[in-house]
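Quick mapping for you: the protein sequence lines, in order, are chains F and D. Take this note's numbering: the final residue in the first sequence is number 548, and no numbers are missing along the way. Take this note's numbering: the final residue in the second sequence is number 411, and no numbers are missing along the way.
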Amino acid sequence: MNKFNFFEWLTTTPWANMMNGAEWVFPVVQSLHFIGFALSIGTIVIVDLRLLGFGMKKQSASDLAADLRRWTLAGICLMLVTGFLMFSADAAIYHVNPSFRVKMTVLTIALLFHFTIHRMVVRPNASAAFAKIAAVVSLVLWISVVGAGRFIAFT
Amino acid sequence: MNIIPTLEWIEKTDLSIAIREGALPYPIIGGFHLLAIALFGGMLLLTDMRMLGWAMQRYSIADVVNQFKNWKRFGFLMVTISGLLLTWGEPLKMYRSREFWIKMTLFVLVGVHALVFHKSVYGHPERLDEAAPAIPIRAKAAAVLSLLLWVGLIVSGRLIAFDS
């Protein structure tokens, strides 16, 4: 099975039919996508701002990250599942959309960064300077994911 | 009073034309609208979830409310200003959209929510901690209503774009 057929097949799946069915389904799933990234990116941003010294100073970054982790993961799951559903609705079109490709590339980098370097810099013994750089990189990556996402509909 | 001529005047302003017809302004302003949700929506969700006893239990309610307050205000400004610009770009389309008016109703209710709960909940969060580990019912009510309002704002906002 070649690549093109896979994307064509996706658009014929039951969940793609659901997405392309009643008019309200797509916007509602997209709303869940927004709530998913408000939770995931939103909690990552709280930790990033703490690493930069811009808030939540009563708690250490490692405590904050530990307490928010489950919500970050829940948000990531919600955003990936709903993102996949939206992609399935029109997979053959989306996968050649330049903004979509940029978004998927940056998203992959952002996720890898989050589960490796970002996890390291929130440890109590991490270098503060390194943590600040990582926080800026994290913010730039996630802002780019959202920005590229908005452009998918316009390219 | 007929509002249509006013809306037609808005639609003819340079700013409205630029937002509507330029290739970049609309998605960029829309991007800021979304970014406000992505960057600061989490603080809103976490504040409400703390009041419901679901998250950040190690911190007092006062700590969570006070430390997120200014960032949430910044996010609110960002989402409101970008939303206003998006509306300025398509005033007649918005006027005729049922979903837009549902969204505006919810937006007004956010203001009512703030007026109703400011004194008893958000203005003095340290009072909510006095009952710890129990959480006062008024705080839980404020949190549930806040979550419902913001989810409603997101869904109605999305429905505007798919309105045919």
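For every residue, glycine included, the Cβ atom is placed at its ideal position computed from N, Cα and C.
query                                                                                                                                      : result
Are any of the Cβ atoms in chain D nearer than 8 Å to that of M449/F?                                                                      : yes
Flag this pair as yes or no: are the beta carbons of T406/F and S481/F separated by less than 8 Å?                                         : yes
So, do the region 366–376 of chain D and the region 260–277 of chain D have three or more beta carbon pairs nearer to each other than 8 Å? : no
Whose C-beta lies closer than 7 Å to the C-beta of A541/F among residues of the same chain, with five residues either side of it excluded? : S492, V495, K496 and V499
Note the first and the last residue of the continuous alpha helix (DSSP H) segment covering I412/D.                                        : Nothing about residue 412/D can be read from this structure; chain D reaches only from 248 to 411.
Please tell me whether T501/F and G289/D are closer than 8 Å, where the distance is taken between their beta carbons.                      : no
Among V489/F, F547/F, A484/F and F523/F, which one has its Cα closest to the Cα of F400/F?                                                 : A484/F
Using a Cβ-Cβ distance under 8 Å, would R543/F count as near chain D?                                                                      : yes
Please decide whether G414/F counts as near chain D, where near means a Cβ-Cβ distance under 8 Å.                                          : no
Between the Cα of N317/D and those of S307/D, L331/D, T294/D and A302/D, spot the shortest distance and give me the residue it belongs to. : T294/D
Could you say which of S344/D, I382/D, A388/D and K340/D lies nearest to V363/D if we only look at CA atoms?                               : A388/D
What does the alpha-carbon distance come out to for the pair T260/D and L332/D?                                                            : 12 Å
Is any beta-carbon of chain B found at less than 8 Å from that of P517/F?                                                                  : Looking for chain B here will not work: the only protein chains present are F and D.
Does the region 299–308 of chain D touch the region 381–397 of chain D, meaning 3 or more C-beta pairs lie closer than 8 Å?                : yes
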